[in-house]
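Notes follow the structure.
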Amino acid sequence: GNSVTQMEGPVTLSEEAFLTINCTYTATGYPSLFWYVQYPGEGLQLLLKATKADDKGSNKGFEATYRKETTSFHLEKGSVQVSDSAVYFCALRNNNAGNMLTFGGGTRLMVKP
Amino acid sequence: EAQVTQNPRYLITVTGKKLTVTCSQNMNHEYMSWYRQDPGLGLRQIYYSMNVEVTDKGDVPEGYKVSRKEKRNFPLILESPSPNQTSLYFCASRTGTGKGEQYFGPGTRLTVT
Numbered sequence: 010g011n012s013v014t015q016m017e018g019p020v021t022l023s024e025e026a027f028l029t030i031n032c033t034y035t036a037t038g039y040p041s042l043f044w045y046v047q048y049p050g051e052g053l054q055l056l057l058k059a060t061k062a063d064d065k066g067s068n069k070g071f072e073a074t075y076r077k078e079t080t081s082f083h084l085e086k087g088s089v090q091v092s093d094s095a096v097y098f099c100a101l102r103n104n105n106a107g108n109m110l111t112f113g114g115g116t117r118l119m120v121k122p
Numbered sequence: 017e018a019q020v021t022q023n024p025r026y027l028i029t030v031t032g033k034k035l036t037v038t039c040s041q042n043m044n045h046e047y048m049s050w051y052r053q054d055p056g057l058g059l060r061q062i063y064y065s066m067n068v069e070v071t072d073k074g075d076v077p078e079g080y081k082v083s084r085k086e087k088r089n090f091p092l093i094l095e096s097p098s099p100n101q102t103s104l105y106f107c108a109s110r111t112g113t114g115k116g117e118q119y120f121g122p123g124t125r126l127t128v129t
């Protein structure tokens, strides 16, 4: 079956620090990969996505590269801001599974001024 | 504005008292789904609907019912809530092609005592 594993949080960083949140997946076929962000009290918003191997998704300074050889999709940002404090979810969508989304457990990021 | 709305946003109830959480989308999306979010488990799909009068079980359907009589609405029904259904619930919708972005509602925090 499909599964997504991401690093447990919380991750606490100072402003302008470098961020990495690890995500690995298990899936048959060729899934699409996503990062969603959940700000306090809100629903999930799509942050970025990649649909095939070696694609790089990017948005708002965040990046993630689809690595099929390591089945990974790690989220990175060069310089975090306090406003990036949120919960981040890695997810995959597999055409072999009716296009349903499978989520990781979420990683809470706290950025201190 | 394109959006998914849910009501109520917060609900405290007692074991066994039937309740309904409503979900509505204004994007004419074919596909709608319900998730529950629990700490460390990410989002798990409860039920989904590919179109009007077409619903199917997700990963954790036990104790829940849904209906899809109209394209825009997808209510979640708990006939006899139990404390293990205390959770944060999200409704989501997307186009039926499977390639479109999934839009999430703001969430409903349910507590069953």
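Top line first, the protein sequences correspond to chains Z and P.
Adding 9 to a residue's 1-based position in the first sequence gives its number in the numbering used here.
Adding 16 to a residue's 1-based position in the second sequence gives its number in the numbering used here.
We put the beta carbon where it would ideally sit given N, CA and C, even for glycine.
Because the structure is a prediction, the values reported are computed rather than measured.
Under the assumption that residue i contacts residue j (Cβ atoms under 8 Å), give the Cβ distance between them as a whole number of angstroms.
i, j, result
"residue 82/Z", "residue 45/Z", "Incorrect: roughly 12 Å between the Cβ atoms, too far for contact."
"residue 106/P", "residue 53/Z", "7 Å"
"residue 21/P", "residue 49/P", "15 Å between Cβ atoms; not a contact."
"residue 63/P", "residue 54/P", "Between residue 54/P and residue 63/P the Cβ distance is about 16 Å, and since that is not below 8 Å, they are no contact."
"residue 120/Z", "residue 24/Z", "6 Å"
Would you mind sorting residue i into buried or exposed? The rule is 16 or more other CB atoms within 10 Å of its CB.
i, result
"residue 96/Z", "buried"
"residue 36/Z", "buried"
"residue 70/P", "exposed"
"residue 104/Z", "exposed"
"residue 85/P", "exposed"
"residue 56/P", "exposed"
"residue 47/P", "buried"
State the start and end residues of the unbroken beta strand (DSSP E) segment that holds residue i.
i, result
"residue 113/Z", "It is not in any beta strand (DSSP E) - residue 113/Z carries neither H nor E in the DSSP assignment."
"residue 82/Z", "Where residue 82/Z is concerned, there is no enclosing beta strand (DSSP E), given that its DSSP letter is neither H nor E."
"residue 48/P", "47-54"
"residue 39/Z", "Here residue 39/Z belongs to no beta strand (DSSP E), and DSSP marks it neither H nor E."
Quick one: residues in its chain with C-beta nearer than 8 Å to the C-beta of residue i, no 5 flanking neighbours on either side, listed in chain order?
i, result
"residue 65/Z", "59, 72, 73, 74, 75"
"residue 91/P", "36, 37, 38, 39, 82, 83"
"residue 76/P", "52, 60, 61, 62"
Residues in the same chain with beta-carbon distance under 6 Å from residue i, minus the five sequence neighbours each way, listed in chain order, please.
i, result
"residue 30/P", "129"
"residue 125/P", "26, 104"
"residue 14/P", "No answer is possible for residue 14/P: the residues shown for chain P start at 17 and end at 129."
"residue 34/P", "95"
"residue 80/Z", "33, 34"
"residue 127/P", "28, 102"
Alpha carbons only, please: which of the options is nearest the one belonging to residue i?
i, options, result
"residue 74/P", "87/P, 51/P, 110/P, 68/P", "51/P"
"residue 10/Z", "48/Z, 19/Z, 102/Z", "102/Z"
"residue 78/P", "60/P, 88/P, 67/P", "60/P"
"residue 116/Z", "13/Z, 89/Z, 18/Z", "18/Z"
Against chain C, does residue i count as a neighbour if the rule is that its beta carbon must be under 9 Å from one of theirs?
i, result
"residue 60/P", "In summary, chain C is missing from the structure at hand, where the protein chains are Z and P."
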